[in-house]
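Undergrad: Residue 20 in full-length UniProt numbering sits at position 20 of the sequence shown; the count goes up by one each step and never skips. Dumping the structure here so I can ask a few things about it.
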Amino acid sequence: MDIVFIEDLRIETVIGIYDWERKIRQVVALDLEMAFDNTRPAASDKIEDTLDYKAVSKRLIAFVEASHFELVETLAEHCARIVREEFGVSWLRLKLSKPGAVRGSRAVGVRIERGRRPE
């Protein structure tokens, strides 16, 4: 199985359960691993045969910037659904971090896997 990945995609959004968090924008960071058979694009050398990580990134940036969720779990689930449904990804692992959310930690968040992992 081949993996197309995006690491540390940082996006500002409204996220959190506390009143003060609902009034500010905070940074979240996304790491994505997406299953994709890269043999065709490797042979053709054409962008239209790839899983276009720039298109995935732009779509997630637009969605996350406009979102207003309380929980990182909810935001992660919506991001995973977008990637799977709009980009035809059969399996993904998504890590959504909220840097600086807990004093003394670099980041907190969730890691989810969706779909069936190809072998």
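Heads up, the beta-carbon is just placed ideally off N, CA and C, and yes, glycines get one too.
(1) For S97, count neighbouring C-beta atoms within 10 Å of its own C-beta (all shown protein chains included) and say buried if the count is 16 or more, exposed if not.
(2) Is it true that the CB of A35 sits closer than 7 Å to the CB of R10?
(3) Entirely within the UniProt domain "Dihydroneopterin aldolase/epimerase" (4-114) and at least 4 residues each: give me those alpha helix (DSSP H) ranges in chain order.
(4) Hey, how far is the Cα of E86 from the Cα of M1?
TA: Let me spell this out:
(1) Taking the sequence shown and counting its residues from 1, the one referred to as residue 97 is at position 97. With 16 or more other Cβ atoms within 10 Å, it is buried.
(2) As a working note, residue 10 is residue 10 in the sequence shown. As a working note, residue 35 is residue 35 in the sequence shown. Contact: no.
(3) DSSP runs (the alpha helix (DSSP H)) wholly in the UniProt domain "Dihydroneopterin aldolase/epimerase" (4-114): 39-44, 53-66 and 72-87.
(4) Position 86 of the sequence shown holds residue 86. Position 1 of the sequence shown holds residue 1. C-alpha separation (whole angstroms): 20 Å.
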